[in-house]
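Have a look at the structure below, then the notes.
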Amino acid sequence: MIRSMTGFARCESRGAWGTLAWELRTVNHRFLDVGLRLPEGLGALEAAVRTRLQKTLARGRVDAWLRFQPAAGGSLCLNTALATELRGLYGELADIWEFEETAFNPWDVLRWPGMVQASGIDTEALEAEVLALLDTALTGLQEAREREGAALTQLLLSRVDAIAGQTAALRDHLPHLEKALRERLQARLHDSAQQVDAGRWEQELLFYLQRQDVAEELDRLDTHLAELRRVLQRREAAGRRLDFLMQELNREANTLASKAGDSQVTFASVELKVLIEQMREQVQNVE
1 MIRSMTGFAR CESRGAWGTL AWELRTVNHR FLDVGLRLPE GLGALEAAVR TRLQKTLARG
61 RVDAWLRFQP AAGGSLCLNT ALATELRGLY GELADIWEFE ETAFNPWDVL RWPGMVQASG
121 IDTEALEAEV LALLDTALTG LQEAREREGA ALTQLLLSRV DAIAGQTAAL RDHLPHLEKA
181 LRERLQARLH DSAQQVDAGR WEQELLFYLQ RQDVAEELDR LDTHLAELRR VLQRREAAGR
241 RLDFLMQELN REANTLASKA GDSQVTFASV ELKVLIEQMR EQVQNVE
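Heads up, the sequence shown is in full-length UniProt numbering, so the first residue is 1 and it goes up one at a time.
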């Protein structure tokens, strides 16, 4: 079953260290675009968090917020080991580039990932809980996206059925179209009061029938519809494949319109374009 790119999930966890809360929001986007906010003291987890998001989500704009409220009585402290290491690296860089050292901007230093930590807290246990809670939030997010994907699937399948109905009706109409063309050409020939060789007549008739023959377009439409039904049942990301199929369907509908030999073919081609456009708009929301 396909998944929508639109979804929301929120998970909260409480412990001796305080309260953690993940909030995930996703909307449609051509590629995967991650926006991440982590509180002070947990910035070192950014790489691990991004890796989890990228493994779970294939497309969409993802906004992920982590909120951390330390337990009452807790406080923040400076990671002195990291601060000392950064100061040493800065001194080495000054020696290599031969410039005079200047004072650190304290706010820049404090914004460095992992520089500010919660005192009295088992950092490793807290980081493990952050990632475990993220996994739970991602599970909830995927479930929400799958529920909306199921609704999108039913909507798209209803349009597929409608297109299939139009192609079936056109197939039934093809013999009548050929008969009407024969009668129309015979009437014009009679009005012209000219004698035409029977062989030449059949050649001209065959030429016009070929120009207005839409059987090939109907075959390709049926093939694309079968592929659509198959893709809609897949669990992996299918948005790009569906978008490609929309282009192919639209191409066949345009060719069908250019070959329209009577009002029924013209009406069917217009209906096909309307249905395909409705599908294309919904496909933009599929992961």
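Every residue, glycine too, gets a C-beta built ideally from N, C-alpha and C. These numbers come from a predicted model, not from an experiment.
query                                                                                                    : result
Spatially closest choice to A81 from E98, E92 and G114, by CA coordinates                                : G114
Integer Cβ distance of G7 from E148, believed to fall under 8 Å                                          : 7 Å
S258 to M246 span [Cα, whole Å]                                                                          : 19 Å
Residues bridged to T19 [DSSP beta-bridge criterion]                                                     : R14 and Q69
For R37, the residue or residues it bridges with in DSSP                                                 : W65
Stretch-stretch touch, CB-based, cutoff 8 Å, three pairs: the segment 90 to 99 with the segment 56 to 69 : no
Residues that V214 bridges to, as DSSP identifies them                                                   : V214 is not bridged to any residue.
CB of L126 within 7 Å of CB of W17, strictly                                                             : yes
Identity of the residues DSSP links to V286 by a beta bridge                                             : S4
Nearest to K273 (by Cα), restricted to the options M1, L24, T255 and S263                                : T255
Presumed contact (8 Å Cβ cut-off) between Q54 and L32, rounded CB distance                               : 7 Å
Buried or exposed by the 16-neighbour rule on C-beta atoms within 10 Å, applied to I96                   : exposed
Buried versus exposed, by CB contacts within 10 Å (16 or more), N105                                     : exposed
Cα-Cα separation, W112 to L133                                                                           : 24 Å
Candidates D63, L228, N79 and V49: closest to L157 by CA position                                        : L228
C-alpha distance - T26 paired with D135, whole-angstrom precision                                        : 16 Å
DSSP bridge partner residues for T26 (one or two, in chain order)                                        : G7 and V62
Bounding residues of the alpha helix (DSSP H) (the contiguous stretch that carries G239)                 : G239 to S258
Beta-carbon proximity list for Q69, same chain, < 7 Å, skipping 5 on both sides                          : G18 and T19
C-alpha gap between D219 and V49, whole angstroms                                                        : 47 Å
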